[in-house]
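Undergrad:
Residue numbers (this note's numbering): 774 to 1132.
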C-alpha cells in the first residue's frame, strides 16, 4: 500500500507541473463555457421558427419529408414545418419554394434585416438538400421566432442546460487524452518506468496508482464545475442527495471509461508526437459529433450511429437527463452499460499490451 501511495503522489506532483494538462482540465472548459454562453446563452429555450413549404409534386414531398426527418432532431431550434397557405395575407416565417421542375433551384426567402442568430437558424434548411439545388435570398417578411420557446423543459433544454453537462464530457475526455495519455508516453520515452519494471510490481497496481489521481481530480472538478456553472447561469438544478449520488456514480464511471481509453492508447505507442496526433484525431471529431455543444441534427446517420456507440455522446445525454429532467438510473441504463463495457475492455487490453519501456 505504501508503494501505491508513493506512485499516486508522484503522479499527482507530475500532473500539477504539467501546464498542458492543467489547461485542458481547468482553463479550457471554463473558457469554452464562457464563450458559448456569451454567444448562445441568451435564449431561455429553443427558438421556434415557422417554415412554410410552397410547391407540389414528388420533389416537394421528398424535400418536406427530408426536412422534417433532419430538423426534428434539433434541440436548439424548434421548426414548425407546414404547407404555405397562398390565400393568407400573413405569410410570416421562412418560405421554402420547391418547383416541380428539377432543373429549377429550391428557393429560401428570409428577412433581410434579421439578426445573425436568426440567419444561423436558417442554415440547417440549406443543408437538407445539396447547395447546388438551393437559391438563398433575403426577404422582407418578419420571421415568426419566439424566445423563450413554448416547448416544455421535459422535452427540450435551455442552452445552458444542454451545454454544461456536455462540457463535463469534454473535461473527462480532454484530461484523459492530453493530461494522462500523453504524460504516460512522455514518461516512458524518458525511461521513467524502467525502475518500476525492476520492482516486483504488478502492472495493475502501477496502472491503478496512476489512474487514481486523475480519477480523483476529474471527479472533484467535474462536480464543482457543474454546480458552479449551474448557479452562475441560473439553470436551476436541484442538487439534493439523490441527484448528487447519481452524478457521482455517472461521473465516476465516465472518468474511468475515458481514462481506460487513454491507457489503452498509451499502452503501445512509443512516440510522443504520434500519441499527440492520435489524441487530436480522436478528440475533435468525438467532441463535435457527440452532441456536447453542437446538436447532431444535420449530421449523416452513419455519424450519429458511430457517435452513439462511442461513450462520449451517451454520457452527455445521461448527464442532461439526470441533472435537468430528474431521470432515474434505469433511464440511463444504456449509457451506464456502454461505459461499463468500454471500461472493462480497455482496462483488460491495457493489462495485456502495456509496455514499461520503449524496447
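We treat Cβ as the ideally placed atom computed from N, Cα and C, and that holds for glycine.
1) Quick check: residue 1064 and residue 1028, are their CB atoms within less than 8 angstroms of each other?
2) Straight-line CA distance for residue 776 to residue 975?
3) From what residue to what residue does the alpha helix (DSSP H) around residue 1090 run?
4) Candidates 833, 852, 839: which alpha carbon is nearest residue 879's?
5) Verify whether the separation of the beta carbon atoms of residue 1091 and residue 1079 is less than 8 angstroms.
6) Whole angstroms are fine: how far does the CA of residue 873 sit from the CA of residue 830?
7) Looking at residue 1097: is its Cβ nearer than 8 angstroms to the Cβ of residue 960?
8) Can the beta-carbon of residue 1134 be found less than 8 angstroms from the beta-carbon of residue 1033?
9) Classify residue 1107: buried if its beta carbon has 16 or more other beta carbons within 10 angstroms, exposed otherwise.
10) Looking only at its own chain, which residues have a Cβ that is under 7 angstroms from the Cβ of residue 1093, when we skip the five neighbours before and after it?
11) Which residue marks the beginning of the alpha helix (DSSP H) containing residue 948, and which one marks its end?
12) Check whether the Cβ atoms of residue 1166 and residue 1041 lie closer than 8 angstroms to each other.
13) Could you name the residues of the same chain whose beta carbon sits closer than 7 angstroms to that of residue 1045, not counting the 5 residues immediately before and after it, in chain order?
14) Less than 8 angstroms between the CB atoms is what I'm expecting for residue 948 and residue 781, so what's the real figure, rounded?
15) Suppose you measure from the CA of residue 786 to the CA of residue 986; what does that come to, to the nearest Å?
16) In the structure shown, what three-state DSSP assignment does residue 1068 receive?
17) Helix, strand or coil for residue 1127 per DSSP?
18) Rounded to a whole number of angstroms, what is the C-alpha to C-alpha distance between residue 867 and residue 1075?
19) Going by DSSP, name the residue or residues bridged to residue 870.
20) Tell me, please, which residues DSSP counts as bridged to residue 855.
21) Give the straight-line distance between the Cα atoms of residue 942 and residue 1085, rounded to the nearest whole angstrom.
22) Closest by CA to residue 1066, which one among 788, 808, 791?
23) Give me, in chain order, the residues of the same chain whose beta-carbon lies closer than 8 angstroms to that of residue 1018; leave out the 5 immediate sequence neighbours on both sides.
24) In the DSSP assignment, the alpha helix (DSSP H) including residue 1003 goes from what residue to what residue?
25) Exposed or buried, what is residue 920 when buried is set at 16 or more other beta-carbons lying within 10 Å of its beta-carbon?
26) Which two residues bound the contiguous alpha helix (DSSP H) that contains residue 802?
27) Can you check whether the CB of residue 1130 is closer than 8 angstroms to the CB of residue 966?
28) Helix, strand or coil, according to DSSP, for residue 921 in the structure here?
29) So what's residue 787 in DSSP terms, helix, strand or just coil?
30) From which residue to which residue does the alpha helix (DSSP H) around residue 1026 run?
31) Considering residue 1050, what are the terminal residues of the alpha helix (DSSP H) in which it resides?
32) Report, in whole angstroms, the separation of the C-beta atoms of residue 944 and residue 992, which I expect to be a contact under 8 angstroms.
33) Only counting the same chain, and skipping five residues up and downstream in sequence, which positions put a Cβ closer than 8 angstroms to that of residue 1116?
TA: Answer, in terms of the structure:
1) The residue labelled residue 1064 in the question sits at position 291 within the chain shown. The residue labelled residue 1028 in the question sits at position 255 within the chain shown. Against a cut-off of 8 angstroms, the Cβ pair of residue 1028 and residue 1064 comes out as no contact.
2) Within the chain shown, numbered from 1, the residue matching residue 776 stands at position 3. Within the chain shown, numbered from 1, the residue matching residue 975 stands at position 202. Taking the straight line joining both Cα atoms gives about 12 angstroms.
3) In the chain shown, counting from the first residue as 1, residue 1090 sits at position 317. Here the alpha helix (DSSP H) through residue 1090 covers 1085-1097.
4) Locating residue 879 in the chain shown gives position 106, counting from the first residue. The shortest C-alpha separation from residue 879 is found at 833.
5) The sequence position of residue 1091 within the chain shown is 318, counting from 1. The sequence position of residue 1079 within the chain shown is 306, counting from 1. Not in contact: residue 1091 and residue 1079 (Cβ atoms no closer than 8 angstroms).
6) Here residue 830 corresponds to residue number 57 of the chain shown, with the count starting at 1. Here residue 873 corresponds to residue number 100 of the chain shown, with the count starting at 1. Distance between the alpha carbons of residue 830 and residue 873 is about 6 angstroms.
7) Taking the chain shown and counting its residues from 1, the one referred to as residue 1097 is at position 324. Taking the chain shown and counting its residues from 1, the one referred to as residue 960 is at position 187. No. Outside cutoff.
8) The question about residue 1134 has no answer here: the residues shown for the chain are numbered 774 through 1132.
9) On the chain shown, position 334 is the one that residue 1107 refers to. Under this definition residue 1107 is an exposed residue.
10) Counted from its first residue, the chain shown places residue 1093 at position 320. 930, 934, 935, 938.
11) Counting from one through the chain shown, the residue named residue 948 turns up at place 175. Run containing residue 948: 932-949, per the alpha helix (DSSP H) assignment.
12) Since the first residue shown for the chain is 774 and the last is 1132, residue 1166 is missing from the structure and cannot be characterised.
13) Here residue 1045 refers to the residue found at position 272 of the chain shown. The answer, listed in chain order, is 955, 958, 959, 962.
14) In the chain shown, residue 948 corresponds to position 175, counting from 1. In the chain shown, residue 781 corresponds to position 8, counting from 1. Not a contact, Cβ separation roughly 16 angstroms.
15) Translated into the one-based positions of the chain shown, residue 786 becomes position 13. Translated into the one-based positions of the chain shown, residue 986 becomes position 213. Whole-angstrom Cα-Cα distance: 10 angstroms.
16) Taking the chain shown and counting its residues from 1, the one referred to as residue 1068 is at position 295. Residue 1068 falls in the coil class under three-state DSSP.
17) In the chain shown, residue 1127 corresponds to position 354, counting from 1. In the structure shown, residue 1127 sits in coil (DSSP, three-state: anything other than H, G, I, E or B).
18) Residue mapping note: residue 867 aligns to position 94 of the chain shown, counting from 1. Residue mapping note: residue 1075 aligns to position 302 of the chain shown, counting from 1. Spanning the two alpha carbons is a distance of roughly 29 angstroms.
19) Residue numbering aside, residue 870 sits at position 97 when the chain shown is read from its first letter. According to DSSP, which records beta bridges pairwise, residue 870 is partnered with 827, 880.
20) Residue numbering aside, residue 855 sits at position 82 when the chain shown is read from its first letter. DSSP, once it has assigned bridges, lists 825 as partnering residue 855.
21) Working through the chain shown from its first residue, we reach residue 942 at position 169. Working through the chain shown from its first residue, we reach residue 1085 at position 312. Distance between the alpha carbons of residue 942 and residue 1085: 6 angstroms.
22) Position 293 of the chain shown, counted from the start, is the residue given in the question as residue 1066. Of 788, 808, 791, the residue nearest in Cα terms is 808.
23) Mapped onto the chain shown, residue 1018 falls at position 245. Contacts found: none.
24) Along the chain shown, one-based indexing puts residue 1003 at 230. Per DSSP, residue 1003 belongs to the alpha helix (DSSP H) from 976-1005.
25) As a first step, residue 920 must be located in the chain shown, where it is residue number 147. Residue confidence for residue 920 is low, a pLDDT of 45 falling below 50, so the modelled location carries little weight; the figure read from the coordinates is stated next. So residue 920 counts as exposed.
26) On the chain shown, position 29 is the one that residue 802 refers to. Residues 801-813.
27) Taking the first residue of the chain shown as 1, we reach residue 966 at position 193. Taking the first residue of the chain shown as 1, we reach residue 1130 at position 357. In contact: residue 966 and residue 1130 (Cβ atoms closer than 8 angstroms).
28) Translated into positions along the chain shown, residue 921 becomes position 148. Because the pLDDT of residue 921 is 41, which lies under 50, any placement of that residue in the model is unreliable, and the question is left without a value.
29) The residue labelled residue 787 in the question sits at position 14 within the chain shown. In this structure, residue 787 counts as helix in the three-state DSSP scheme.
30) On the chain shown, residue 1026 is found 253 positions in, with the first residue counted as 1. It spans 1014-1041 - the alpha helix (DSSP H) in which residue 1026 sits, taken as one unbroken run.
31) Counted from its first residue, the chain shown places residue 1050 at position 277. 1045-1062 is the span of the alpha helix (DSSP H), which, as asked, contains residue 1050.
32) As a working note, residue 944 is residue 171 in the chain shown. As a working note, residue 992 is residue 219 in the chain shown. That belief does not hold up - the Cβ atoms of residue 944 and residue 992 are roughly 11 angstroms apart, past 8 angstroms.
33) Residue 1116 sits at position 343 when you count from the first residue of the chain shown. Around residue 1116: 1026, 1029, 1030, 1033.
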